[in-house]
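Chains as they are written, first to last, in the working numbering: chain A, 26 to 394; chain B, -5 to 301.
Here's the structure, in structure tokens; my notes come after.
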Amino acid sequence: MQDWESAEVENVEKEKVMILKNFSDYYKNAEIEVPAVEQREFGVGGFKKKIESRHMGFKTNGALKNYLVQDAPLYISHSIAYYKFPESTPMERKEWMGGDLIFDLDVHAGMFLTAEEIEHVKRDAIMLVEDFLEKDFGVSKKDVTLVFSGGRGFHIHVKTPRFRYLGGDERREIADYIAGAGLDYKKFFGKVDKYRMGGPKKSDWGYRGRFCRMVEKTLEENPSSIHRGLKKPEAKEKLLGCMDDGNWSKTPIKDIIERLEGAAKEMKLESVDVDTGVTIDTKRLIRVPNTLHGSTGLIAKKLDKLEGFEPYRDALAFGKEPIKIRAKQDLPEQEFANSTMEKIEKEEEKEVPKSYGIYLILKDAATLS
Amino acid sequence: MELNFACKYPFTEEGKQAIKENNIQINDEITERGVKRIVDALNRVQRTANPVHISDQLIEIGSYGAARMMLAHLRNRYLSNKFAIAEAKKASSLMARETKENIKRLQNELGVVPGEFEGKVVVPLEVYVKFSPRSVDYRLINRNVKEGHVEVSRREVLRLMEEAVKMKVEDIGLFPNAPEIVKKYSVKLMKLVPKTAPSKMSFKEGENPPCIEKLLETAKKHENLGHQGRWTLAVYLINKGVPYEKILQIFSNFPDYDERVASYQIKHAINRGYTVPSCGMLLSYGLCIAECKIGNPLRWKTWKRKK
């Protein structure tokens, strides 16, 4: 065990010591509660890598917390899986006993998440939970844990026995469904008999229903993008009628399926860009909720709701007391900790609130001065 | 009646019970029949034996157990998969003309229990993704999904049940101390296995994109592949200039391989000069497994070199 206060770390740069001390202090009062902690594998990372060692285990949440206070790792993740022997290696010896279903939503952000990026990823997370998990998959809210990743997005943990034993291929079906990957709207149509063509209707579930809503919207906003004739109310009515009962032979437009390609593309907007690689990996390690993210110093915070959440206000682990930093690059004006941080020029030294200073140092945009 | 059910569906609890209650012991006759069961599976001969005599029924049930013992002893994935597919197909054709009551029993046993939701026949989503065949028509994204229910037709329920049987039969544990009789007949069985399979696939690591690697891996593991997967693999290999004989050899690894059909299909694809489906198409088939964004699997090598 490494003790950040011991003589061994004396040579470590003061910056690293400062960060580790603050991380450790945070963990003294943090609420860390991993469900079925004794069945999880843990991995930790430091200044070099996000995961430097894994195959660790903790018998209780208390033991985990003690470790966090003592060692203050920059990153800590737990397996989405439950194992009989979480510390055993190789992986097969752990004996997999199922795992949570996880979704990772990220935006490709620069130094800071912009307000638009935050709104975008929040909108996606809400859509994922409300439209897909609840409406389509019948997951109850109590089985969903929302977590700010501490970086650029959200992690959504689904803990329900229904999905616990799904393998990677099965999880891919779910992830692809949410991401709208490989959606072929032409598959919604098919001949019912010699004369009638069947297709989606408004009352249909899932993407079929979504598709009809998109067609309806296009008919309202820009009907001629489908067909010139649809400007006439009676032609429009006929097409709307198709979606009432799924009888698509009612419209006289022969190549209607091809013409709806535009509306189908819009449907992509109704899907959520989840990272499939994360969802299908049944042995994935995921950041422990309420621990710190070593690239930002922000809390990977467990959230009750997404509405109103602001990462640079609500996920701060450190106080406002000033620390002196030297910028390694030009830094723009930025909202942080309920204040406006002024512009800082490269090489400029400045006193900033600790949470902001640590953020910049961990982002490699500043050093402790 | 019960014995009749166990005889038709020996993979069920009733099958196990029948062995126990009737004290069916492994013997030459039963094991011989077990060998035949596996050989029939290899040769794609479907025998839906429905013996009336109790003694014949007991042998029939026992032969399933003996076949599994031999497969557990041999640990030959090719044979096990072939056997599982044949047993599942056999069960499926029996289920198609089964009584409602027996279908219900099977559904409970297999964990494929359809229900009704908003007037539609549905199965739970987790059951659907577990047992649906990996083909584009069964992709979740193309289905009617609501509140954890997936709409299915009666015919599709049977297909899910068939897959569930396959998975159940495939699941063969270890059998470290096989009795002599099992060992003896296992040797006999191996002599009857056609020499054509399994074959080697000598591709260098990283030579093919991840999606194709996965398809080749499926062949290597002697697992079945849906139509789109098989077609993609064939067309890719053809376009890569792999000779016809080698492609056929690779295809011989699939448990439901039929040389006549496979050779016709590969030749047909060569003659028609099909182009490799784009990454977008592979995505819609559910075969895309990485985000290489190369547009077409054939661009893999050029793209890798540039990288």
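By construction, the Cβ of each residue, glycine as well, lies at the ideal position given by its N, Cα and C atoms.
{"Asked": "To the nearest angstrom, how far is it from the Cα of A:Val217 to the Cα of B:Glu164?", "Found": "37 Å"}
{"Asked": "For A:Glu335, which residues in chain B fall below 9 Å Cβ to Cβ?", "Found": "Going along chain B, no residue has its Cβ under 9 Å from A:Glu335, so there is no contact; the nearest lies around 30 Å."}
{"Asked": "From the DSSP output, read off the bridge partner residues of A:Phe173.", "Found": "A:Phe179"}
{"Asked": "Determine contact between the stretch 112 to 122 of chain A and the stretch 150 to 165 of chain A, defined as no fewer than three beta-carbon pairs at a distance below 8 Å.", "Found": "no"}
{"Asked": "Since A:Gln359 sits in a beta bridge, which residues does DSSP pair it with?", "Found": "A:Met366"}
{"Asked": "Taking a Cβ distance cut-off of 7 Å, strictly less, list which residues of the stretch 254 to 273 of chain A are near chain B, in chain order.", "Found": "none"}
{"Asked": "Inspect the beta-carbon positions of A:Val183 and A:Phe236 and report whether they are closer than 9 Å.", "Found": "no"}
{"Asked": "Judging by CA-CA distance, which residue of A:Lys327, A:Asp280, A:Leu385, A:Glu38 is the nearest neighbour of A:Thr170?", "Found": "A:Lys327"}
{"Asked": "How many angstroms separate the CA atom of A:Glu360 from the CA atom of A:Ala140?", "Found": "10 Å"}
{"Asked": "Expressed to the nearest angstrom, what Euclidean distance is found between the alpha-carbon atoms of A:Phe188 and A:Asp131?", "Found": "23 Å"}
{"Asked": "Would you tell me roughly how many angstroms separate the C-alpha atoms of A:Lys226 and B:Arg91, rounded to the nearest one?", "Found": "33 Å"}
{"Asked": "Which of the residues in the stretch 202 to 232 of chain A, read from start to end, lie with their CB under 8 Å from any CB of chain B?", "Found": "Tyr202, Gly205, Ala206, Gly207, Leu208, Asp209, Lys212, Phe213, Asp229, Trp230, Gly231, Tyr232"}
{"Asked": "If contact is defined by three or more beta carbon pairs under 8 Å, each pair taking one atom from either stretch, is the stretch 294 to 308 of chain A in contact with the stretch 361 to 372 of chain A?", "Found": "no"}
{"Asked": "Taking CB distances under 9 Å as the criterion, tell me whether A:Ile199 reaches chain B.", "Found": "yes"}
{"Asked": "Should B:Ile260 be listed as close to the ligand MN, given that the test is whether its C-beta is under 8 Å from any heavy atom?", "Found": "With respect to the ligand MN, the structure shown offers nothing to examine, as it has no ligands at all."}
{"Asked": "Between the C-alpha atoms of B:Ser257 and B:Met155, what's the straight-line distance to the nearest angstrom?", "Found": "30 Å"}
{"Asked": "Show which residues of chain B have a CB atom less than 9 Å away from the CB atom of A:Arg187.", "Found": "Pro118, Leu119, Glu120, Gly142"}
{"Asked": "Run through chain A and tell me which residues come within less than 8 Å of B:Arg133, C-beta to C-beta.", "Found": "Glu198, Asp201, Gly207"}
{"Asked": "Below 8 Å on C-beta distance, what does B:Gly280 contact in chain E?", "Found": "Included in the structure are the protein chains A and B, with no chain E among them."}
{"Asked": "For A:Asn47 versus A:Gly319, is the C-beta spacing smaller than 9 Å?", "Found": "no"}
{"Asked": "When you compare the CB positions of B:Leu183 and B:Met275, do they come within less than 9 Å of one another, or not?", "Found": "no"}
{"Asked": "Determine the DSSP secondary structure at A:Ser78, reduced to helix, strand or coil.", "Found": "strand"}
{"Asked": "With contact counted as at least three CB pairs below 8 Å, one residue from each stretch, are the stretch 54 to 69 of chain B and the stretch 28 to 40 of chain B in contact?", "Found": "yes"}
{"Asked": "Along chain B, in chain order, which residues have C-beta atoms closer than 7 Å to that of A:Asp161?", "Found": "Val139, Lys140"}
{"Asked": "Could you have a look at A:Asn272 and say whether DSSP puts it in helix, strand or coil?", "Found": "strand"}
{"Asked": "Using a C-beta cutoff of 9 Å, does B:Ser147 count as contacting chain A?", "Found": "no"}
{"Asked": "Looking only at its chain, what residues have a beta carbon closer than 6 Å to the beta carbon of A:Tyr107, apart from the 5 residues adjacent to it on each side?", "Found": "Ala61, Gln64, Met122, Gly123"}
{"Asked": "Measure how close the beta-carbons of A:Met81 and A:Gly71 come, nearest whole angstrom, since I'm counting them as under 8 Å.", "Found": "Not a contact, Cβ separation roughly 14 Å."}
{"Asked": "With DSSP run on the structure shown, which of helix, strand or coil describes B:Ala191?", "Found": "Low per-residue confidence applies at B:Ala191: pLDDT is 49, beneath 50, and the placement is therefore not dependable enough to give any value."}
{"Asked": "Per DSSP, which residues does A:Ala106 bridge with? Please list them.", "Found": "A:Gly124"}
{"Asked": "Compare the beta carbon distance of A:Met292 and A:Gly205 with 9 Å and say whether it is the shorter of the two.", "Found": "yes"}
{"Asked": "Looking at the structure shown, is A:Ile282 part of a helix, part of a strand, or coil, going by DSSP?", "Found": "helix"}
{"Asked": "In whole angstroms, what separates the C-alpha of A:Arg233 from that of A:Met222?", "Found": "15 Å"}
{"Asked": "So what does DSSP say about A:Glu35, is it helix, strand or coil?", "Found": "With a pLDDT of only 49 at A:Glu35, under 50, the local geometry of the prediction cannot be trusted, and the value read off the model is given with reservation. Three-state DSSP puts A:Glu35 in coil, outside helix and strand."}
{"Asked": "For A:Gly192, would you say it is in contact with chain B, using Cβ-to-Cβ distances shorter than 9 Å as the test?", "Found": "yes"}
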